[in-house]
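Notes for the one structure printed next.
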Amino acid sequence: MTYKDMTFCSGDGCTQFKRCFRALTQDVEDRADKLGLPISQFSNPKQLDCYINERETDSGDQAAR
């Protein structure tokens with residue numbers, strides 16, 4: 317069993333991180349630690365369909381998915 321029985325995302329440069337329900341925030345880490353539960357985390361967030369690269373949107377290029 318992992319915290320909230322879901323997989324979290326580190327963000328790794330994604331423009332959607334601040335409003336993502338899967339965002340691995342300090343609050344999530346603190347709550348999991350308090351309960352003594354491990355956190356499941358995506359190993360390569362850049363390959364997720366929802367990932368939008370900050371650098372590409374900042375430079376005016378179309379967002380990579």
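Each residue of the sequence shown is one higher than the last, beginning at 317 in the working numbering.
Backbone N, C-alpha and C fix where the C-beta goes; we use that ideal spot for every residue, glycine too.
Model, not experiment: these values are computed from the prediction.
Between Leu340 and Ser359, the CB-CB gap reaches or exceeds 8 angstroms. When DSSP states are grouped into helix, strand and coil, Phe337 belongs to the coil group. Ranked by Cα distance from Asn369, the first of Asp328, Phe324, Met317 and Lys320 is Asp328. Between the C-alpha atoms of Glu372 and Thr318 there is a straight-line separation of about 33 angstroms.
DSSP places Thr318 in the coil class of the three-state scheme, outside both helix and strand.
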